[in-house]
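This report concerns only the one structure given below.
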Amino acid sequence: MSNITEEIKKRRTFAIISHPDAGKTTLTEKFLLYGGAINLAGSVKGKKTAKHAVSDWMEIEKERGISVTSSVLQFNYEGYCINILDTPGHQDFSEDTYRTLMAADSAVMVIDASKGVEAQTIKLFKVCLLRNIPIFTFINKMDREARDPFELMDEIETVLGIRTCPVNWPIGCGKNFKGVYDRQTRKITTFTAAMNGQKEVESTEVELGDPQLNWLIGNDYHGQLMEDIELLDGASDEFDMDLVSQGKLSPAFFGSALTNFGVETFLEHFLNMTTSPLPRRTVDGVIDPFKEDFSAFVFKIQANMNKAHRDRIAFMRIVSGKFEAGMEVNHVQGGRKIRLNQPQQMMAQDRKIVEEAYAGDIIGVFDPGIFSIGDTICASNEKFEFEGIPTFAPEHFARVRQIDTMKRKQFIKGVSQIAQEGAIQIFQEFNTGMEEIIVGVVGVLQFEVLTYRLENEYNVEVKLEKLPYEYIRWVENKEEVDVAKIQGTSDMKRIKDLKDNPLLLFVNSWSVGMVEERNPGLKLSEFGRN
Ligand code: G4P
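Per this note's numbering, residue 2 is the first one in the sequence shown, and the count goes up by one each step.
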């Protein structure tokens, strides 16, 4: 096996998705701890700093955690080279959060056992479905009062529409959390509550049927476990690797990230079941990761904090082959050959220059303003385009005007460049041109960032008027319908994007269904295609 093949084979690139506070950061820290990448858990990022005092761009950046410093965490563990993609997703839930999932080969969904499936998990999950990537569930915080595990499994299945297959099963919860039962090995790992703030808990492993078990977990919990096992064996889905690979069955694990209980088992099972770098579709075929020639696509563009240079970093996911610093590549959409100098990789707080990287890895390259989201980079003698990255539905809209009408040009330039980075989406009124701009964002913080950056980088003061719309739909079959004649609802507004694609805005979600009903043949979509 060539060295390149070997390197690619050991890569595992995944994203962790969750609703804020479910424990994503804590779990990531524990993973890094196992990889020896950090010595002390708690150093992934300075999270949860004080509420943000608007509106210093750099402050916002810092507070965000921040995408530049923690875009991807790479570490080695038991022969694997692991890339964890950070999905920024606290108060600043943004398009970047979605796009990051475009670069992942699988996802770990962290769920708070007392809360179940929450709003942001649902949104991120939909993107995973779009990609058909394997999804693993980690039900966290079992050391606290939790909901009934059967009920949690049911909720995942009904709300998210994915079947689950528990790999282990909890015994009790909260003060009475006794441990977990591994359904494959038929062994129980016991949990002893942490004392005196100590973070790691002691545990013992015993087989089901071992006479010690009664004594270790108590008669009642033993009885309950036996009942649960019977129910599970009879009623839950059987493990089927093919279904897992297609994202149709989610292996589920119970544990407690904070006390580091069940994390290592999870990591081991997960690494076994998840996939090495997946092939990617191009407009006319598929690119195999083990193909020797380098190829990559841009999934995220980050405006740099260095205002003086106004430079940006383009993050690329390597799809195939090996990357070497300084290599000449073909930037397909730009229509020219470029040299990728000073590529960077992020590790926790540090950036480092990389000399080589392989399919599955993420690199950040200096972008003098030539890249757009979704661009393809490939070996200099090749030319093909990876399928575009979908445009995700913004949920907040505002009309934006520049205050000084003389600064029209700077205004348009600023808004367009920021939109090119993918931080905002811009739209126009359906019947007019660019006189008025409607901006759509996924997270409200983006409005602040926009206002701040226009003022500081483009010297344009703007006025933002928030609009009541929350739902946007792309008209998929625009060639077949006359958008002006769509039978609308009173809360519907027609707009178009910069490429003249028609879209509809709604205040209420039920209006979407109503309009579909009133206009047979009209096809609406939550995702746009570039
Ligand atoms: P997030 O990245 O998904 O937003 O969640 P994060 O890991 O920051 O965890 C949110 C809170 O939940 C933190 O508490 C964290 O310590 C706690 N937590 C995470 N996993 C577990 C668990 O398994 N059991 C229990 N009991 N708590 C857990 P915090 O008080 O908000 O922050 P901190 O001061 O402890 O950092």
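Ideal Cβ positions, reconstructed from N, Cα and C, are used throughout, including at glycine.
What are the uninterrupted segments assigned as beta strand (DSSP E) that are 3 or more residues long and contained completely in the segment 470-495, given in chain order? 472-476
Name the two residues that bound the continuous beta strand (DSSP E) containing residue 286. 286-288
If I follow the unbroken alpha helix (DSSP H) through residue 406, where does it start and stop? That residue, residue 406, is in no alpha helix (DSSP H); it is neither H nor E in DSSP.
Per DSSP, which one or two residues make a beta bridge with residue 368? Per DSSP, 313.
Please classify residue 282 as buried or exposed, where buried requires at least 16 neighbouring CB atoms within 10 angstroms. exposed
Is the beta carbon of residue 275 within less than 6 Å of some heavy atom of ligand 1? no
Hey, is residue 220 close to ligand 1, as in C-beta under 6 Å from one of its heavy atoms? no
Can you check which of these residues, 269, 417, 491 and 484, is closest to residue 77 by C-alpha distance? 269
Who does residue 139 pair with in a DSSP beta bridge? 111 and 254
6 Å Cβ shell around residue 99 - same chain, five flanking residues per side excluded: These residues qualify, in order along the chain: 128 and 393.
Does the beta-carbon of residue 26, which I'm using as the reference point, lie nearer than 6 Å to any heavy atom of ligand 1? yes
Under the DSSP definition of a beta bridge, which residues are partnered with residue 429? 438 and 497
Could you tell me if residue 256 is buried or exposed, where buried requires 16 or more neighbouring beta carbons within 10 angstroms of its beta carbon? That one is buried.
Does any C-beta atom of chain D lie closer than 7 Å to the C-beta of residue 256? The chain labelled as chain D is not found in the depicted structure, where only one protein chain is given.
Three-state secondary structure assigned by DSSP to residue 240: coil
Roughly how many angstroms lie between the CA atoms of residue 230 and residue 85, to the nearest whole one? The alpha-carbon atoms of residue 230 and residue 85 are separated by roughly 33 Å.
When every heavy atom of ligand 1 is checked, does at least one fall within less than 6 Å of the C-beta of residue 141? yes
C-beta contact flag for residue 374 and residue 364 at 7 Å: no
So, under 8 Å CB-CB, residue 105 and residue 167 are touching, yes? Tell me the CB distance rounded to an integer number of Å. About 23 Å separates the two Cβ atoms, so there is no contact after all.
Residue burial classification, residue 368 (beta-carbon count within 10 angstroms, cutoff 16): So residue 368 ends up on the buried side.
By how many angstroms is the C-alpha of residue 22 removed from the C-alpha of residue 221? Using only the alpha carbons, I get a separation of about 32 Å.
Flag residue 150 as yes when its Cβ comes closer than 6 Å to any non-hydrogen atom of ligand 1, and as no otherwise. No.
Suppose you measure from the CA of residue 328 to the CA of residue 477; what does that come to, to the nearest Å? 40 Å
Can you give me the C-alpha to C-alpha distance between residue 535 and residue 498, rounded to a whole angstrom? Outside the shown range of the chain (2 to 531) lies residue 535, about which nothing can therefore be said.
Return helix, strand or coil for residue 225, following the three-state DSSP convention. Three-state DSSP puts residue 225 in a helix.
Spatial distance of residue 321 from residue 135 (CA atoms): Their backbone Cα atoms lie some 20 Å apart in a straight line.
Is residue 144 near ligand 1 - that is, is its Cβ less than 6 Å away from at least one heavy atom of it? Answer for residue 144: yes, Cβ within range of ligand 1.
Where residue 18 and residue 405 are concerned, what is the direct C-alpha to C-alpha distance, given to the nearest angstrom? 42 Å
Here's a check: name, in chain order, each residue in its chain whose Cβ is nearer than 7 Å to the Cβ of residue 278, leaving out the five neighbours to either side. 9, 12, 14, 106, 290, 360 and 361
Starting from residue 183 and walking both ways along the beta strand (DSSP E), at which residues does that stretch end? Membership of residue 183 in the beta strand (DSSP E) is indicated by the continuous run 180-183.
How about residue 21: is its Cβ closer than 6 Å to a heavy atom in ligand 1? yes
6 Å CB neighbourhood of residue 524 in its chain, flanking five on each side removed: 477 and 478
Given residue 400 as reference, the closest of 376, 262, 358 and 467 once Cα atoms are compared: 467
Write down the C-beta distance between residue 265 and residue 472 rounded to the nearest angstrom, noting that I regard them as a contact closer than 8 Å. That belief does not hold up - the Cβ atoms of residue 265 and residue 472 are roughly 43 Å apart, past 8 Å.
As assigned by DSSP and simplified to three states, the class of residue 395: coil
Where the beta strand (DSSP E) through residue 174 begins and ends: Here residue 174 belongs to no beta strand (DSSP E), and DSSP marks it neither H nor E.
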